[in-house]
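My numbering numbers the first residue of the sequence shown as 1 and each following residue consecutively.
Idealized CB from N, CA, C, for every residue including glycine.
Here the structure is laid out as structure tokens; the discussion comes afterwards.
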Amino acid sequence: MPRRTPRNALDRLRTPRRSLGFLKTASVCVLIAGLLSPLSQAAAAPEAPAADAAAVTDHCGNRCSDILPPGQNGNATLAQILLHQAFGTQPAHAEDQLGPYASLATGYSTLTDATINTFFNDASFGVPADQVASTVKPAGRSDVTIVRDKKTGVPHITGTTRYGTEFGAGYAAAEDRLWLMDVFRHVGRGQLTSFAGGAASNQGLEQEFWRNAPYTEADLQAQIDNAAASNGERGRQALADVNAYVDGINAYIDASDSGRYFPGEYVLTGHKDSVTNAGTIAHFKPTDLVALASVIGALFGSGGGGEVGNALSLLAAQSKYGVTEGTKVWESFRERNDPEAVLTVHDGSFPYGRKPADPQGEALPDAGSVTREELVFDRTGSAASPGATGASADAAANAVTSAKRGMSNALVVSGEHTASGHPVAVFGPQTGYFAPQLLMLQEIQGPGISARGASFAGLSFYVELGRGQDYAWSATTSGQDIIDTYAVELCQDDHHYLYRGTCTPMEKVEQKNAWKPTVADGTAAGSYTMRVWRTKYGPVTHRATVDGKKVAYTTLRSSFLHEADSIIGFQMLNDPDHVKGPESFQSAVQHINYTFNWFYADSEHTAYYNSGDNPVRANGVDAEFPAWAQPAYEWRNWNPDTNTASYTPPSQHPNSIDQDYYISWNNKQAEDYAAAPWGNGSVHRGNLLDDRVKKLVDAGGVTRASLVKAMAEAGLADLRAQDVLPKLLKVINSSPVTDPAAAAAVSKLSAWVSAGARRTETSAGSRTYAHADAIRILDAWWPLLVKAEFEPGLGSDLYSAFTANLPVDESPSAAHGPTGAHAGSAYQYGWWSYVDKDIRSVLGEQVQGPLARTYCGDGSLSACRDTLISTLKEAAGRTAAQVYPGDDACSAGDQWCADSVVHRALGGIGHRGISWQNRPTYQQVVEFTSHR
């Protein structure tokens, strides 16, 4: 049965969709005729060609490049949306970076330094005079100018005052992403359905994020006040920057409203009238930016969680094998400190999150007692539909897993190993694919600010990932554990708990939402109330009993009520007077409490630092499992009123300067540093980078082009085929393969492995994979072989529990993994390490950190071979239509389309799908030639 994806204007982050299809061509033409007369946005002519951002020296020497598909322009008027729906036209600069980005998949093999900007933008500072497309002084201000270039339309903001600079940044952000910013400030407040429509996917989206950050308006304001008050002059400057930025956003709202060139989605969702212009676009407030930050932090920078799920699988293992052996089996699958895991930092030990020798305070639930806390109440209308309740269940499951959307990668090589003698970096965040994109490009030059790069829309008062005058930086999600689960003992009733010996009422926080059909979202009217019970130890996520006592499980996150704190670190990264080398870079990112891996390169040095407020846990507390909510097991020096505690010092975070090379693809950071998600073992997608970069470094003479090639090739590789399939074939070929069907499948798989195990088109635009049959066979075989290999030994209960901790597979076409279908990112979560270690054990090969037992064929080579062959034959017999059943973007059986990257429409403009690449969304290629 085909997979179904939501049909709404604001799709769930995990699922793609087609462009809005609610308008018929005839009616579109009538509407367009009446809409072309309103004023179009003031696109000021290039009166006086703007000079380059000439007050600063660009030390990149034309060797800095970047790319961010689909395009810079994420706003579209109603007329532009209607034209797009009727005729497929695109607003200017809406997708002009999509083609170069997509072309790298087939063009990387012949890449040279001279042709890099065929696939990337020139990321030099400023705009040459003959490339100026427009010059605007927003709101008539004399202290800021926004210049946009002809090729991409990126805003280059130059201010003579700090206020003017930030005002311009806000104005430019609204020009490019106003609708998206409005969407996500409502997501952060749990108000998306009331704003954009009640589609089931919108319901699920607001529920998933609001569950993790159920903030009141007072909470949001308190974050701003605290960040400003506790950081001295930098805190005061940050507040002034935010206020100026918000003023710029609101100036654009007023100008676009009066000029009638605001985003057309406001009409289609019922907020504005296309004829009378009645209705309002609400001004932004500083608290809106905190709401936005809470969404971004939850998406990419909050490692940890999942302790209840861990407890359930541990109990299942102990039930199967007994306490001692079951614990040993559980630990072997957890791989919290696997000796074969690929590392970002090659030397040194950074102990954190390790298993305590004598665990204390564990609060494991009684068998069968765990229930998930309800979030949604008082459903009416479409909120009570099966689709809505299903979306709620998915949102609840996603909110409590430790398998966060990691993504992002980095390749950094020191100058000792490059052709030029200068470090080379290829890095960027893998933030998914959206239309418009969550990130936006900009250059900001003003007093105390000098940077170009990408920022999340609505948070672009500073460049968050990019380059300065003589340095560049980027990040990947790290995922170390800053989230703990506590068991609070209930007293009096289900909404009172013991807090340090006193029966204390829980705090009830509610958000009531209601919606009605609009042109953009025809979902029938409905409403519901989201209700979260908060305790001193965080929001309640589950109910259970522990040793017969009724408890609520709560989630305490070190960044809870502190999303705004990271503003100081980003401010420092943009300040050329602060960042002057690797040490000052590290001191800047130490102020960022999100769980990220940060990378740095200038003309002489490289550096790495792992950020996040890592709480210091009480002795004996195992972060993998729920702990009792008692003073003895609380974070050290924890203040529940401010949610602050003692954090591990910077020296205990994985960090390094001038290592020979760094790679990161959300892999393990360093020896003894446990990652919260499962699956950091012998086979990880980080190996795809490490193998290639190590080979380049060993050979020497690394160039920008050769490092881009390594990234691109890794981004097309099938991790299972490259690192696990050869061992599976070794077992199968341990005896002659006499079955014709099996022999044919083995031949196809072997040929694919010999050719490099990549998922690539036969030629650019063919929409057909080379070795398509082998790819189809492996996609069908992997889940079959994992189940047949492990379930007989583990038993169905434990196997199900472990698959709840870690999905079996995450191929590009998978719609069941943490990132969903058409998301680009693949092979982050899966059982490849388990299969690898188990098969090597069967083959009698050395395995460091083996699984506690051997599962394939119960350790017998011949029995294991029989299992692999029988499942391989079954997989080979499955048709393409069975393996790729189709969805709203693809027909059944279309293998290329099933893998393809689709920009999920968050508004009225959609884009064509592109061939699969497992690659950063925004990406930089940098090599600085000089230093201040």
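With respect to the C-alpha of A391, the residue from S201, E634, T476, F120 having the closest C-alpha is S201. When the beta-carbon positions are compared, Q659 and H422 stay at least 8 Å from each other.
The alpha helix (DSSP H) runs of length 4 or more contained entirely in the region 360-440 are, from start to end of the chain, 386-400.
Just so you know, the alpha carbons of I909 and T77 end up roughly 10 Å apart.
Inter-segment contact for the region 916-924 and the region 572-581 is absent: fewer than three beta-carbon pairs are separated by less than 8 Å.
Looking from the CA of T644, the closest CA among L98, Q223, L192, D149 belongs to Q223. About 7 Å separates the CB atoms of A670 and T344; that is less than 8 Å, so the two are in contact. Straight across, the Cα-Cα distance linking V532 with A675 is about 28 Å. Under the three-state reduction of DSSP, T485 is assigned to strand. E335 sits in coil when the DSSP states are folded into three classes, being neither helix nor strand. Of the candidates L861, E208, S841, D481, the residue whose Cα lies closest to the Cα of Y673 is D481. V376 places its beta carbon 8 Å or farther from that of H542. Taking a cut-off of 8 Å on C-beta distances, the region 644-655 touches the region 346-357, as three or more cross pairs fall below it. Rounded to the nearest angstrom, the Cβ distance from L411 to V693 is 5 Å, consistent with a contact under 8 Å.
In this chain, the alpha helix (DSSP H) harbouring A79 covers 78-87. Between K873 and A741, the beta carbon gap of about 5 Å places them in contact (Cβ cut-off 8 Å). For Y537, there is no enclosing alpha helix (DSSP H), as DSSP marks it with neither H nor E.
Using a 10 angstroms sphere on the CB of K549, the tally of other CB atoms stays under 16, which defines it as exposed. Shown here, C856 sits in a helix according to DSSP, grouped into three states.
In the DSSP assignment, N597 forms a beta bridge with T476, N610. Within the model, the alpha-carbon separation for Y884 versus S891 is close to 8 Å. Within the model, the alpha-carbon separation for A745 versus W781 is close to 11 Å. In this structure, the alpha-carbon of G381 lies about 22 Å from that of H271.
For the pair A710 and Q895, the CB atoms are not nearer than the 8 Å cut-off. Bridge partners of G279 according to DSSP: K272.
By alpha-carbon distance to R720, the top candidate from A757, D690, R704, S735 is A757. Put simply, the region 505-523 does not touch the region 464-475. Fewer than three CB pairs are less than 8 Å apart.
Under the three-state reduction of DSSP, M530 is assigned to strand.
Within the DSSP secondary-structure output, Y661 pairs in a beta bridge with V413. Between the alpha carbons of Q97 and A419 lies a distance of about 29 Å.
With a 10 Å radius around the Cβ and a threshold of 16 neighbouring Cβ atoms, V154 comes out buried. Rounded to the nearest whole angstrom, the CA to CA distance from H496 to T504 is 5 Å. Inclusion of H605 and G581 in the CB contact set at 8 Å is warranted, their separation being smaller than that value. Closest in alpha carbon position to T287, among S230, S256, N226, is N226.
Judged by their CB atoms, L205 and A520 are not nearer to each other than the 8 Å cut-off. Annotated as proximal: A123 and R452, with beta-carbon spacing under 8 Å.
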